[in-house]
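Comments concern the structure below.
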Amino acid sequence: MDYQTKLADALRSVKDEGRYRVFADILRHRGDFPRATFHTPEGARDIVVWCSNDYLGMGQHPIVLDAMHRAIDECGAGSGGTRNISGTTHYHVDLEAELADLHQKEASLLFTSGYAANDATLSTLARVLGDCVIISDAMNHASMIEGIKRGGGPKRLWKHNDLAHLEQLLKDIDPEQPKIVAFESVYSMDGDIAPIGEICDLAHKYGALTYLDEVHAVGLYGPRGGGIAERDGVLDKVDIIEGTLAKGFGVMGGYIAGSSVLVDVVRSYAPGFIFSTSLAPVLVAGVLASVRHLKTSNVEREQHQERAATLRAKLAAAGLPVMMCESHIVPVMVGDPVICKQVTDDLLNDHDIYVQPINYPTVPRGTERLRFTPCPVHTDEMMDDLVRALDQVWTRRKIRRAA
Ligand SMILES: *Cc1c(COP(=O)(O)O)cnc(C)c1O
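All letters in the sequence shown, in the order written, are residues 1 to 403 by UniProt numbering.
As structure tokens, this is what we get:
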């Protein structure tokens with residue numbers, strides 16, 4: 001067996017499809033985000049980051065950093081174990097109570113990432129409930145798809161945000177069979193938002209549980225940062241909420257919130273939870289400070305929405321094909337994987353602007369795009385620089401403008 005050739009072939013096929021990922025080697029500047037240093041073989045230079053999911057800049061917030069410094073001084077670096085074997089620190093217990101309260105649920109459970117939370121929870125529920133059908137929105141994130149696959153039960157794909165199609169699928173399933181409707185609130189590539197209340201009402205009418213990924217909404221929406229379900233006043237209609245601690249909250253980790261029994265089942269059955277070392281207390285302490293701050297402060301959320309609306313308006317005024325959506329995501333359509341990569345290379349090399357190209361399989365072929373995530377820390381001047389740079393690149397590469 002020629003392993004080397006076989007492995008190299010696998011890489012070549014990724015490259016041939018234009019899906020080979022090159023990571024930008026950067027270092028964010030503490031207290032001066034979105035500025036960062038970009039490291040290249042030719043040396044280092046300063047850039048402005050336009051594609052971070054640290055949406056509110058909480059990963060740089062003094063309250064968060066202070067809490068992390070204090071935690072490391074108090075209890076050291078790692079947790080030292082799985083949750084069951086010495087890895088449940090008081091920080092973990094406090095944060096789970098804080099997150100349950102945030103979503104008005106009886107309990108919550110921490111994971112090392114949002115990915116692990118989706119994967120472990122969906123696969124475990126499918127197995128424990130037995131022959132459980134999962135009805136999954138067609139645009140669901142890879143971590144949900146993977147969890148559903150690993151659960152090994154039947155699955156139905158439901159047309160993105162299409163209530164009529166969802167009802168048709170629900171009607172066709174045996175009323176006695178367990179079912180879960182799994183979906184997201186803010187879809188992070190198109191920036192559209194699900195009608196959570198209506199989806200939950202339909203699901204409950206047909207006896208299904210509702211599972212909502214609020215990864216791109218927690219911290220960012222709702223009067224206390226509880227996400228779109230909180231904003232829409234429908235928290236009680238969602239049976240299981242899943243979130244990340246790495247995006248809006250700016251640190252790391254993931255979680256679910258739901259009824260005590262449901263959370264206890266995942267805690268007791270999910271191998272991905274049980275057999276993995278718990279989050280480092282320093283991370284949990286940072287998250288705790290971030291969640292608590294955003295429960296009472298709306299300043300970051302208001303600035304965030306204002307910045308997104310301003311950037312969208314500036315791009316549209318320049319005739320650039322910005323996608324209009326009701327969330328904080330600002331996608332600009334390119335529609336070709338090779339040109340998309342060229343555009344981002346031009347921006348980085350000629351304008352010190354960093355945005356990652358979004359290509360298949362993250363988005364459907366033919367809809368390759370740039371995805372900007374303006375934060376409260378992006379200034380008007382940075383936005384004007386960005387629009388000017390895009391305008392030049394669009395002309396140089398002869399890319400289609402807005403209709
Ligand atoms: C990023 C993301 C996740 C995974 O969260 P991490 O904490 O980064 O592992 C889950 N769902 C969606 C929709 C995401 O975009």
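Where a beta carbon is used, it is the ideal one built from N, C-alpha and C, also for glycine.
Rounded straight-line distance, which links the Cα of residue j to that of residue i
i           : j    : result
V284        : H141 : 24 Å
D345        : V338 : 11 Å
H29         : A44  : 13 Å
G219        : D2   : 50 Å
M324        : D119 : 31 Å
G81         : R267 : 15 Å
V387        : F183 : 34 Å
G191        : K205 : 28 Å
L279        : D131 : 32 Å
P376        : W50  : 12 Å
K159        : L129 : 25 Å
A257        : A403 : 44 Å
V181        : H165 : 12 Å
S143        : D385 : 35 Å
Q177        : I134 : 11 Å
E326        : A194 : 11 Å
Q168        : P62  : 50 Å
G225        : A8   : 46 Å
G76         : A270 : 28 Å
Y115        : Y187 : 15 Å
residue 406 : L235 : It is not possible to answer for residue 406, since the shown part of the chain is limited to 1 through 403.
Collapsed DSSP secondary structure at residue i in the structure displayed
i           : result
K105        : coil
R388        : helix
V291        : helix
S136        : strand
A257        : strand
E17         : coil
I199        : helix
V322        : strand
P357        : strand
R28         : strand
Y211        : strand
L56         : coil
L110        : strand
T395        : helix
residue 481 : Because the chain is modelled from 1 through 403, residue 481 falls outside the range shown and cannot be assessed.
T5          : helix
Boundaries (first-last residue) of the alpha helix (DSSP H) holding residue i
i    : result
G147 : 142–151
K341 : 337–351
T124 : 114–129
M333 : Not the alpha helix (DSSP H): M333 falls in the beta strand (DSSP E), residues 330–333.
L65  : 62–75
A44  : Premise fails: A44 lies in the beta strand (DSSP E), 43–49, not in any alpha helix (DSSP H).
I193 : Counting along the chain, I193 falls outside any alpha helix (DSSP H), and DSSP gives it neither H nor E.
I274 : 271–274
T310 : 299–317
K247 : No alpha helix (DSSP H) holds K247; DSSP gives it neither H nor E.
H165 : 163–171
E230 : 228–231
Start and end residues, beta strand (DSSP E) containing residue i
i    : result
K179 : 179–184
L370 : 369–372
R35  : 35–40
K155 : 155–158
T244 : 240–244
Residues near residue i by beta carbon distance below 8 Å, same chain, minus five either side
i    : result
C340 : V334, P357, I358, N359, E368, R369, L370
D25  : F38, H39, T40
L27  : A36, T37, H39
Beta-carbon proximity list for residue i, same chain, < 7 Å, skipping 5 on both sides
i    : result
L157 : S136, A138
A389 : L347, H351, I353
V287 : L95, L245, F249, V251, G253
G31  : Q60
S123 : G147, R150, G151
G272 : A116, D119, A120
P374 : R307, A308, L311, V330
Cutoff 6 Å; reference residue i; Cβ partners in own chain excluding five residues on either side
i    : result
A107 : A100, S260, V263
G78  : A280
E214 : S185, G227, I241, G243
S86  : G80
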